[in-house]
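Worksheet: one structure, shown below.
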Amino acid sequence: MTPVTEAWVRIEGWLRRHAPASIDVLAPPAAQESITAAEAELGLSFPTELVESLRRHDGLTEWANILPEAAPLSVVGIVEHRQMRMDIAPDVDGFARHGAESEPWWHERWLPFGNGDCGLQVIDLRPGPGFANVGWAPTSNPADFSDAWPSLEAYLTTVAAALETGGAVDVWYPYLTIDGMLWWSLGGATELNGEPLRPAPQG
Numbered sequence: 116m117t118p119v120t121e122a123w124v125r126i127e128g129w130l131r132r133h134a135p136a137s138i139d140v141l142a143p144p145a146a147q148e149s150i151t152a153a154e155a156e157l158g159l160s161f162p163t164e165l166v167e168s169l170r171r172h173d174g175l176t177e178w179a180n181i182l183p184e185a186a187p188l189s190v191v192g193i194v195e196h197r198q199m200r201m202d203i204a205p206d207v208d209g210f211a212r213h214g215a216e217s218e219p220w221w222h223e224r225w226l227p228f229g230n231g232d233c234g235l236q237v238i239d240l241r242p243g244p245g246f247a248n249v250g251w252a253p254t255s256n257p258a259d260f261s262d263a264w265p266s267l268e269a270y271l272t273t274v275a276a277a278l279e280t281g282g283a284v285d286v287w288y289p290y291l292t293i294d295g296m297l298w299w300s301l302g303g304a305t306e307l308n309g310e311p312l313r314p315a316p317q318g
């Protein structure tokens, strides 16, 4: 079992024990043929860890707060969001860096992994020491890899550990809603739309 698959198995196990309603939104595996077709369409090879994740779950069947930073995308979603950014970037000077230490708004060798409220969680496929880092490409600001995850494996493994131990994923803390759904709370806020959140049970 690969580390990415193992992380998903741990996340799934926690959901079955403590938030069974949440596990129902995890989509079935993506077909290898759809991944291969997406790679051909985008002209990019998906990194092994992304393929492993998609072969476990092709995103979600509906929006849910399963992962703390963004909802994981399906193969179709990856293609759509990447193409959308590629279409928009030339019109907003989005490929240009505006400082030696800054990132552009978008780069042709970034692949979206998750869709969040304010942007995309992306995997960096640029050659070099940052290859396969998981960073953030906001909707209205330059991308940010200053606190990037070193890999998708590291991100998903940290999520699994946080669920099992009651810890955090950076600034995100796991809770349960009144309906028993998993909810990642920014900064440990204990209410959602005026309703109390319960600390996520460990184990």
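Using this note's numbering, read the sequence shown as starting at 116 and increasing by one per residue. We put the CB at the ideal spot given by N, CA and C, even for glycine.
Taking the C-beta atoms as reference points, VAL284 is found nearer than 7 Å to ALA277.
Judged by DSSP in its simplified three-state form, GLU310 adopts strand.
Contact between ARG132 and GLU279 fails: their C-beta atoms lie close to 10 Å from each other, not under 8 Å.
In this structure, the alpha-carbon of PRO257 lies about 4 Å from that of TRP220. With a contact defined as Cβ atoms closer than 8 Å, ILE193 and LEU297 miss out at about 23 Å. Within the DSSP bridge table, the entry for PRO253 names GLY234 as partners. Scanning HIS213, ILE238 and ASP294 for the CA closest to the CA of PHE246 turns up ILE238. Taking 7 Å as the cut-off, the beta carbon of TRP123 is found no closer than this to the beta carbon of ARG170.
Going by beta carbons, GLY309 and TYR288 fall outside the 7 Å limit. For SER168, the uninterrupted alpha helix (DSSP H) segment begins and ends at 163–169. Its chain contains LEU130, ALA179, ILE181, MET296 and LEU297 as the residues whose beta carbon lies nearer than 7 Å to that of SER137, once the 5 sequence neighbours on both sides are disregarded; these appear in chain order.
Under DSSP, GLY229 forms a beta bridge with PRO187 and GLN236. With contacts defined as CB atoms closer than 7 Å, LEU188 and VAL140 fail to qualify as a contacting pair. Using a C-beta cut-off of 8 Å, the region 157–171 makes no contact with the region 205–213, since fewer than three inter-stretch Cβ pairs fall below that distance. In the three-state reduction of the DSSP assignment, TRP287 falls in the strand class, which pools E and B. Assigned with DSSP and collapsed to three states, SER300 falls in strand. GLU223 and VAL274 have their alpha carbons spaced roughly 28 Å apart. Apart from the 5 residues on each side of it in sequence, PHE260 sits with its Cβ closer than 7 Å to the Cβ of GLU218, ASP239, GLY245, ASN248 and GLY250 in its chain, given in chain order.
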